[in-house]
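Worksheet for the structure shown next.
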Amino acid sequence: MSLEHIHADILAIRIIPNVDPALGSQLKLQPHHRSIAIFTSTIDDVGYTALDEATKRADVDVVYARSFYAGAAHSSGPYSGEMIGILAGPNPEEVKSGIEAVIQTAETDAYFEALNEDKSHAIYAHVVARTGSYLSKEAGIKQGEPLAYLIAPPLEAVYGLDAALKAADVKLVKFFGPPSETNFGGGLLTGSQSACQAAADAFREAIVSVSKKPKLY
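Numbering (the working numbering), first residue to last: 2 to 218.
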């Protein structure tokens, strides 16, 4: 099943080579965290996926990641988007490498899928083949294990998760009960990579059926 991709835009980026100790304390930085990189994204779940990818490609940790209320359509400014992410590392070169991984992931690897022509109805059915330190911690699994990262509008999220769990040998390790800050919902499922893919496919198929006939029960 092929749906049009919706990629996130990375709206703003800044690197602080040597963080002030007062700010570092608020961010709960470790002694080896001397530099940070900050970015905003138009799509929060893509941003979180990109943060996880950064932890696999550079010597960085995710020290802050939050969604903004109501989503990118109601952002506080032109560079706010839907989320903010902060990476910390030992030097500017490492956090720069982390940001480059974020950009590449958002541009090519991770994306929402549109269920209608104006892209106002969309889902996220992304499989992370090998988790980094960020998503593995969020999911409570071992680093390197696969995840199905499944997000949709509220009703669709609940219906789709049920279909995903029944379609494959997967375990629901985190439930994002609707509404989230951006009025979506979903969950993180783990299992083998093939099981996670089957779960993501079932999630997508179930929600496509809702989009076509929303009141058919």
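No residue lacks a Cβ here, since even glycine has one placed at the ideal position from N, Cα and C.
| Check | Outcome |
| --- | --- |
| CB contact check: Ser181 to chain B, cutoff 8 Å | Absent from the structure is chain B; it holds one protein chain and no more. |
| Burial state of Gly133, where buried means 16 or more other Cβ atoms lie within 10 Å | buried |
| Distance CB(Leu88)-CB(Val63) smaller than 8 Å | yes |
| Residue environment, Asp45, which counts as buried when at least 16 other CB atoms sit within 10 Å | buried |
| Same chain, Cβ closer than 6 Å to Lys57, neighbours up to 5 away in sequence not counted | Gly133 |
| Sequence-distant residues of its chain with Cβ nearer than 8 Å to Val61 (five each side left out) | Ala38, Ala55, Leu88, Ala89, Gly90, Glu95, Val96, Ser98, Gly99 |
| Endpoints, the beta strand (DSSP E) within which Tyr160 is located | No beta strand (DSSP E) contains Tyr160, which is instead part of the alpha helix (DSSP H) from 155-168. |
| Backbone CA spacing between Asp202 and Phe69 [nearest angstrom] | 28 Å |
| Proximity below 8 Å, CB of Tyr80 to CB of Leu12 | yes |
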